[in-house]
Amino acid sequence: MIKKRSRRLILGIRLTTKAEVFKALEPVQDPEHPISITDPRMSIVTMDYIEVDDDTITVQFKPTVPYCPMGGLIGILIRHRLEQEYPDAEIEVKLLPGSHSQEETVNSMINDDTKYQNVVQQLKQRDML
Numbered sequence: 032m033i034k035k036r037s038r039r040l041i042l043g044i045r046l047t048t049k050a051e052v053f054k055a056l057e058p059v060q061d062p063e064h065p066i067s068i069t070d071p072r073m074s075i076v077t078m079d080y081i082e083v084d085d086d087t088i089t090v091q092f093k094p095t096v097p098y099c100p101m102g103g104l105i106g107i108l109i110r111h112r113l114e115q116e117y118p119d120a121e122i123e124v125k126l127l128p129g130s131h132s133q134e135e136t137v138n139s140m141i142n143d144d145t146k147y148q149n150v151v152q153q154l155k156q157r158d159m160l
C-alpha cells in the first residue's frame with residue numbers, strides 16, 4: 032500500500048507547511064467577535080498550535096476564556112475550513128489541553144463525525160458557512 036505522502040511526492044505536489052495552514056485559517060472569525068482566530072489580539076490559534084506531519088494536519092486552539100460558550104463552534108469552523116482547503120489531508124482539531132472547562136465535551140463535538148456533520152448542516156441552512 033502506498034502512503035498518501037509518497038503519492039503526493041511522486042506527483043510533485045508540495046507538502047503543506049504550518050505557515051500555509053495558519054494563513055488558511057485567517058478568514059475564520061471568532062463567532063462573538065469580528066476578529067480572525069489567528070489575530071494576535073485573540074491568540075485562539077497561533078503557529079505553535081499547528082502541526083503538519085505527513086498527511087495529518089493537527090490544530091489546537093485556545094478559546095478566549097475557559098468557559099467560552101462558542102468553543103465547540105470555533106473548533107467546527109476550524110475543521111470545516113481545513114477540510115475545504117486540504118481535502119486529501121487527515122484533519123485533527125482539538126482544544127489546547129486545559130484551556131476549556133468542558134474540554135472532553137467540546138472535543139467530542141468537533142471530532143465525532145455525526146455531531147460535526149449535524150452542526151455543519153445547520154450552519155449551512157442558516158447561511159453561516
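Converting from the sequence shown to the numbering used here requires adding 31 to each position, the first position being numbered 1.
Just so you know, even glycine gets a beta-carbon here, dropped at the ideal spot from N, CA and C.
A quick note: this is a predicted structure, and the numbers were derived from the prediction, not measured.
query                                                                                  : result
Cβ shell of E114 (< 8 Å), same chain only, five flanking positions each side left out  : I122
Straight-line Cα distance separating Q156 from K49                                     : 32 Å
Nearest candidate by alpha-carbon position, reference E63, set L56, T47, C99, K93      : C99
I66 (DSSP reduced to helix, strand or coil)                                            : coil
Three-way DSSP call (helix, strand, coil) for T145 in this model                       : helix
One or two residues paired with I81 in a DSSP bridge                                   : V90
Residues sharing a beta bridge with V124, DSSP                                         : V90
Same chain, Cβ closer than 7 Å to T69, neighbours up to 5 away in sequence not counted : F53, L56, E57, V76
Beta-carbon proximity of V137 to G102, cut-off 8 Å                                     : yes
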